[in-house]
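Enquirer: Let me give you the structure first, and then I'll get to my questions.
Numbering (the working numbering), first residue to last: 295 to 643.
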């Protein structure tokens with residue numbers, strides 16, 4: 295038995311000892327003498343260890359406690375003469391002890407079996423989900439690598455011939471390099487999702503990190519004809535992995551940029567309350583239907599013609615590993631807003 299089980303057994307033994315002591319009048323006789331109501335109290339007190347034994351150890355526990363009490367009060371019934379109650383009523387009480395043990399212990403055992411079956415069913419569902427995820431991952435890898443490989447194969451076949459001009463050869467060489475980088479990016483994304491690296495937490499200024507990510511993306515955003523509005527104060531401290539937080543922000547900014555058209559605006563706002571920092575990134579794109587919004591963080595789900603569907607799943611995983619939350623609010627035709635909440639760093643850390 296485990297340590298906790300021994301503690302429970304000792305507790306039951308103490309309770310049984312106290313109730314038997316009361317039954318024999320060893321505890322209260324000094325104050326009240328041998329009284330019938332003391333024995334009535336004892337009869338009810340015996341229910342406590344029986345129910346506790348059944349609750350902790352099931353049917354066997356309840357029966358063991360009932361048996362122990364029954365044996366311990368035998369001298370009182372048959373030797374001392376049971377001065378305030380006849381033998382038959384005492385025996386009926388013992389039968390009731392065992393009936394209570396059977397009823398309570400049986401119900402507890404039944405509940406335990408049901409809970410175990412539910413846990414086994416849940417475990418089977420999780421395993422099935424894992425197998426399904428592996429299948430989806432394999433299909434996603436195959437799909438994302440197949441197209442670049444086809445482009446590389448076509449470019450190599452053309453380069454093998456003598457018909458292509460110098461300029462065309464350079465163009466096809468660039469295609470090969472680009473598609474190899476695309477394959478590498480796909481593989482890295484899958485590895486990030488399947489085997490995330492250990493976090494290296496530090497006390498960081500989230501405002502400074504967000505500003506650095508925005509500066510990195512600013513030219514790309516403005517080149518697409520999309521304006522950028524920011525409200526990002528500094529001195530909002532969180533315990534986080536700066537590289538992972540940077541990855542999350544870049545991913546969400548890219549997501550907002552891909553959803554935006556020329557002339558539209560991306561808004562980035564950072565704030566805080568008493569417990570958490572809140573980062574909101576909003577675009578003015580087409581938005582999403584409720585069905586798409588419900589699946590937006592699912593691995594391999596994407597509404598884009600190209601992509602692995604892992605970007606937002608990785609974002610969610612990173613944020614949750616920081617004990618934060620990420621939410622999406624989107625309406626078709628009205629744009630999308632992603633909101634991240636990260637716990638503030640404790641003062642002095």
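In this text, a Cβ means the ideal position worked out from N, Cα and C, and glycines have one as well.
#1: In whole angstroms, give me the CA-to-CA distance for residue 393 and residue 304.
#2: Along the beta strand (DSSP E) that carries residue 554, what are the first and last residues, could you check?
#3: Could you tell me if residue 436 is buried or exposed, where buried requires 16 or more neighbouring beta carbons within 10 angstroms of its beta carbon?
#4: Just curious, the beta strand (DSSP E) that residue 342 is in, first and last residue?
#5: Please classify residue 557 as buried or exposed, where buried requires at least 16 other C-beta atoms within 10 Å of its C-beta.
#6: Roughly how many whole angstroms lie between the Cα atoms of residue 542 and residue 401?
#7: Span of the beta strand (DSSP E) holding residue 613?
#8: Using only the alpha-carbon positions, how far apart do residue 344 and residue 417 sit?
#9: Going by the beta-carbon positions, is the gap between residue 587 and residue 595 smaller than 7 Å?
#10: Got a sec? Which residues, its chain only, sit under 6 Å from residue 553 by beta carbon, not counting five neighbours each side?
#11: Using the DSSP secondary-structure output, state which residues sit across from residue 629 in a beta bridge.
#12: For the alpha helix (DSSP H) that contains residue 567, what are its first and last residues?
#13: Going by alpha carbons, who is nearest to residue 357 out of 367, 395, 369?
#14: If I follow the unbroken beta strand (DSSP E) through residue 496, where does it start and stop?
Expert: Inspection of the coordinates gives the following:
#1: 24 Å
#2: Per DSSP, residue 554 belongs to no beta strand (DSSP E) and is neither H nor E.
#3: Label assigned to residue 436: exposed.
#4: Where residue 342 is concerned, there is no enclosing beta strand (DSSP E), although the alpha helix (DSSP H) it sits in stretches over 341 to 366.
#5: exposed
#6: If I take the Cα positions, the gap works out to 50 Å.
#7: Element bounds for residue 613: not the beta strand (DSSP E) but the alpha helix (DSSP H), 605 to 615.
#8: 33 Å
#9: No, these two residues do not count as a Cβ contact at 7 Å.
#10: 577, 579
#11: 625
#12: Counting along the chain, residue 567 falls outside any alpha helix (DSSP H), and DSSP gives it neither H nor E.
#13: 395
#14: Residues 496 to 499.
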